[in-house]
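S.K.: So that we are looking at the same thing, I have put the structure below in structure tokens.
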């Protein structure tokens, strides 16, 4: 099964205190046999989050470690119009619209973000629910 990992599962693991940290670790441990995929946008979100929280040194290792967990795919120019359309239709943030477009190439998106529930053509796996 191809599973697209939204940035929030990585952010959950990185935050000092997060109520879903245990669930995120459990999900990743239980799904090692699946093809885990994320995107360069996820890497950017993680890098930016750590950078703005004065954790610049941690950012380098965190972004590199993403590649050990999941295959990192690129957001391509050809996907831009689709991302814009889905952002307009479902009132998504720019990052979420890009994640949604990329997740359509997979069997499901793994996220605790409720925004994706609006998109009927996406199967969502909420890692925060044990």
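Residue numbers (the numbering used here): 207 to 336.
In this text, a Cβ means the ideal position worked out from N, Cα and C, and glycines have one as well.
Predicted, not measured: the structure shown is a model, and the values here were computed from it.
Quick one: grab the DSSP three-state call for residue 315.
M.R.: Residue 315 falls in the strand class under three-state DSSP.
S.K.: Nearest CA to the CA of residue 245: which residue from 224, 303, 239?
M.R.: Here the closest residue by C-alpha is 303.
S.K.: Roughly how many angstroms lie between the CA atoms of residue 210 and residue 274, to the nearest whole one?
M.R.: Spanning the two alpha carbons is a distance of roughly 15 Å.
S.K.: I need the boundaries of the beta strand (DSSP E) containing residue 279, first residue and last residue.
M.R.: Counting along the chain, the beta strand (DSSP E) containing residue 279 begins and ends at 277 to 279.
S.K.: State the Cα-Cα distance for the pair residue 262 and residue 334, rounded to the nearest angstrom.
M.R.: Rounded to whole angstroms, residue 262 to residue 334 spans 27 Å at the Cα level.
S.K.: Using the three-state DSSP reduction, which class does residue 334 fall into: helix, strand or coil?
M.R.: Residue state, collapsed to three classes: coil.
S.K.: In the DSSP assignment, find the unbroken beta strand (DSSP E) run with residue 243 in it and report its ends.
M.R.: First-last of the beta strand (DSSP E) with residue 243: 241 to 245.
S.K.: Out of 207, 226, 212, point me to the one whose CA is closest to residue 306's CA.
M.R.: Among 207, 226, 212, the Cα nearest to that of residue 306 belongs to 212.
S.K.: Should the region 217 to 228 be regarded as contacting the region 294 to 303, the criterion being three or more beta carbon pairs within less than 8 Å?
M.R.: Segments in contact, no.
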